[in-house]
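Under the UniProt record's numbering, the final residue of the sequence shown carries the number 134; numbering is consecutive throughout.
Using N, Cα and C, we set each Cβ at its ideal position, and we do this for glycine too.
Model, not experiment: these values are computed from the prediction.
Notes for the one structure printed next.
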Amino acid sequence: MSHTRSDEDQAAASAPRIRLRHFLIGFAVVALLVAGVISYFASSAPDGLDSATQRGCKTVVVNGAEQLRGDCIAQHATDHAMASSPLAEYSVRGLGDSNGLAGVIGVLVTLALAGGVFWLIARSRRSRAPGIDA
């Protein structure tokens with residue numbers, strides 16, 4: 001069996017693509033595991049910014065809703081524009097403890113959008129470059 005120069009060139013050109021594919025698949029698997037599994041271990045305590053804005057207040061439950069009592073910056077805060085979105089507050093609306101599912105959905109949407117943008121960029125570069133097969 002004789003190998004021609006073009007066979008060797010094709011094999012050499014496909015090797016980086018295979019490595020890139022393995023890297024991207026591994027990256028996606030790790031991102032999905034972090035979002036879907038490790039997110040369940042996240043602390044429910046307020047982060048640094050929330051904690052700083054709540055200094056001087058106490059959280060109390062009134063008629064089933066949490067309210068802040070005292071004197072703190074957070075008393076004047078309002079919900080943001082996306083507070084009623086399906087994935088607000090790191091969970092899926094209508095499902096109880098679903099922060100892992102919300103994380104997986106977020107990762108998939110982000111990877112799809114980023115992949116689409118990178119595909120469009122690569123496609124436009126291939127169409128502009130002379131002598132490169134698309």
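Taking C-beta atoms as the reference points, residue 103 and residue 39 count as a pair closer than 9 Å.
Taking C-beta atoms as the reference points, residue 100 and residue 56 fail to come closer than 9 Å. Residue 96 carries a coil assignment under DSSP once its states are collapsed to helix, strand and coil.
Under the three-state reduction of DSSP, residue 48 is assigned to helix.
CA-CA distance, residue 119 to residue 26, rounds to 19 Å. Annotation for residue 57: the continuous beta strand (DSSP E) segment containing it runs 57 to 62. Under the three-state reduction of DSSP output, residue 42 falls in the coil class, being neither helix nor strand. Residue 65 sits in a strand when the DSSP states are folded into three classes.
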